[in-house]
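**Q** Residue numbers for the sequence shown follow my numbering, so the first one is 1 and each next one is one higher. Virtual Cβ for every residue (Gly too), placed ideally from N, Cα, C.
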Amino acid sequence: MLSRKTILLSLAPSLSLLLAVGFTHQYWLTGWEAALAVVAAYVAGMPLGVWAARRYGRLVTPYRPLV
Numbered sequence: 001m002l003s004r005k006t007i008l009l010s011l012a013p014s015l016s017l018l019l020a021v022g023f024t025h026q027y028w029l030t031g032w033e034a035a036l037a038v039v040a041a042y043v044a045g046m047p048l049g050v051w052a053a054r055r056y057g058r059l060v061t062p063y064r065p066l067v
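1) With DSSP as the reference, please indicate the residues paired to residue 59 in a beta bridge.
2) According to DSSP, is residue 64 part of a helix, a strand, or is it coil?
3) Any chance the segment 5–17 sits against the segment 33–49, with 3 or more Cβ pairs inside 8 Å?
4) Let me make sure I understand the geometry here. Which of 19, 50, 5, 56 has the alpha-carbon closest to that of residue 39?
5) Under the three-state reduction of DSSP, which class applies to residue 31: helix, strand or coil?
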């Protein structure tokens, strides 16, 4: 299982790029351009997020209920 830190590290770059594109959308982009820019921002942030998760993240032991 992945730790919370690892999951956040993998999503943080994509989400930050998404927010940056979302805030600039109202000024620069219209229609389908905005949708394509959001998808491109998410895809562009994925490699950086995976690298950060592998470098600084960790695995945790899976939860096993007591029987």
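**A** According to the data block:
1) Answer is 2.
2) In the structure shown, residue 64 sits in coil (DSSP, three-state: anything other than H, G, I, E or B).
3) Using a C-beta cut-off of 8 Å, the segment 5–17 makes contact with the segment 33–49, since at least three inter-stretch Cβ pairs fall below that distance.
4) Of the candidates 19, 50, 5, 56, the one whose C-alpha sits nearest the C-alpha of residue 39 is 19.
5) Coil at residue 31, not helix or strand.
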